[in-house]
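Residues in the sequence shown are numbered consecutively from 140, following my numbering. The C-beta atom is built at its ideal place from N, Cα and C for all residues, glycine as well. All of these numbers come straight from a predicted model, not from anything done at the bench.
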Amino acid sequence: MKTEKLDIITDGHTQMKNITDAVQDAVTRSGVRSGICTVFVPHTTAAVTINENADPDVVRDFTMEINKIVPWEDGYRHFEGNSAAHLKSSMIGFSEQILIEDGKLLLGVWQGIYFVEFDGPRHRHLYVKIMED
Ligand code: ZN
């Protein structure tokens, strides 16, 4: 199955953007009923994660706390001035794998897939690879 490239436009400096529907659409387009979906973020200041999609305060609390754990200014030496974004991206990670059954992502009821921006706003993209059983 061909790798799909999805465009993401972020509009915050730190932002969690729910991409569950876009990834599910890629699964549907693939026609795969059972397999594995890999989502990969090809950036060094963004990430992808899975977390609660019901209460928007989870996203708010997540971004608030991660910005406390890794403050934007902390005597970093990286010339671009965005070391905090690089650190947070590696902490959260650049890929997720989700099982597919009956043509649907096998996410829990409260789970959503989030593209996580740490140095936005920017025009980003991510790759989706779907492998059939
Ligand atoms: Zn940098």
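Where residue i falls: helix, strand or coil (DSSP)
{"i": "histidine 182", "result": "coil"}
{"i": "leucine 246", "result": "coil"}
{"i": "arginine 172", "result": "coil"}
{"i": "arginine 199", "result": "helix"}
{"i": "threonine 177", "result": "strand"}
{"i": "aspartate 164", "result": "helix"}
{"i": "threonine 188", "result": "strand"}
{"i": "tyrosine 215", "result": "coil"}
Environment of residue i [buried if 16+ CB atoms lie within 10 Å]
{"i": "aspartate 258", "result": "buried"}
{"i": "glutamate 204", "result": "exposed"}
{"i": "threonine 184", "result": "buried"}
{"i": "methionine 155", "result": "buried"}
{"i": "lysine 207", "result": "exposed"}
{"i": "threonine 149", "result": "buried"}
{"i": "glutamate 256", "result": "buried"}
Given residue i as reference, the closest of the options once Cα atoms are compared
{"i": "isoleucine 239", "options": "Thr202, Pro181, Met270, Ala193", "result": "Met270"}
{"i": "threonine 153", "options": "Val198, Gly220, Ala165", "result": "Val198"}
{"i": "aspartate 194", "options": "Val267, His262, Arg263, Val248", "result": "Val248"}
{"i": "valine 171", "options": "Gly242, Met230, Lys227, Asn192", "result": "Gly242"}
{"i": "isoleucine 175", "options": "Gly232, Leu246, Ile237, Thr167", "result": "Ile237"}
Range covered by the alpha helix (DSSP H) that runs through residue i
{"i": "valine 209", "result": "Here valine 209 belongs to no alpha helix (DSSP H), and DSSP marks it neither H nor E."}
{"i": "histidine 225", "result": "222-231"}
Cut-off 8 angstroms between Cβ atoms - residues of its own chain near residue i, not counting five sequence neighbours on either side
{"i": "leucine 265", "result": "Lys144, Leu145, Ile147, Ile158, Val178, Phe179, Val180, Pro181, Val187, Phe254"}
{"i": "proline 210", "result": "Ala223"}
{"i": "threonine 142", "result": "Tyr266, Val267, Lys268"}
{"i": "phenylalanine 201", "result": "Met155, Asn190"}
{"i": "glutamate 235", "result": "Thr177, Val178, Val187, Thr188, Ile189, Ile252"}
Boundaries (first-last residue) of the beta strand (DSSP E) holding residue i
{"i": "lysine 144", "result": "143-148"}
{"i": "tyrosine 266", "result": "262-271"}
{"i": "isoleucine 239", "result": "234-240"}
{"i": "methionine 155", "result": "154-157"}
Contact set for residue i: own chain, Cβ-Cβ below 6 angstroms, skip 5 residues either direction
{"i": "isoleucine 252", "result": "Ile158, Thr159, Val162, Ile189"}
{"i": "histidine 262", "result": "Ile148"}
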